[in-house]
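Worksheet: one structure, shown below.
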Amino acid sequence: MKHLPDHIELSDEKEQIDADMQHAVTLDFGPFLGYLGAYGQKLDRMAGEYRQQEIARRILTKYADEALDRARGK
Numbered sequence: 021m022k023h024l025p026d027h028i029e030l031s032d033e034k035e036q037i038d039a040d041m042q043h044a045v046t047l048d049f050g051p052f053l054g055y056l057g058a059y060g061q062k063l064d065r066m067a068g069e070y071r072q073q074e075i076a077r078r079i080l081t082k083y084a085d086e087a088l089d090r091a092r093g094k
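When we follow this note's numbering, the leftmost residue of the sequence shown carries the number 21, and every step to the right adds one.
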């Protein structure tokens, strides 16, 4: 298990989220909704690598929301 303070930037996870959201915006509406609906499980797996899972999950969820907005040009 990783210790969150040692990886506070979560840069590897954020890089993956950016790539995933760039992919998501290329999908048609139905697959887009399905992809995002299942994405929470991926965030859970990412956060599950840390001892402070709840904190990591909140950080990653907020970042994913922001990354999706950026990918959509907002």
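Backbone N, C-alpha and C fix where the C-beta goes; we use that ideal spot for every residue, glycine too.
Through-space distance from residue j to residue i, alpha-carbon basis
i	j	result
D48	G54	10 Å
Y25	Q73	Looking at the sequence shown, residue 25 is not Tyr but Pro. Roughly 12 Å separates the two Cα atoms.
D89	P51	18 Å
A58	L30	21 Å
T46	R78	25 Å
Cβ-Cβ distance between residue i and residue j below 8 Å
i	j	result
A44	L63	no
D32	A87	no
A76	M41	no
E69	K34	no
Neighbour-count burial assignment, residue i, 16 or more Cβ in a 10 Å radius
i	result
A84	buried
I28	exposed
M66	buried
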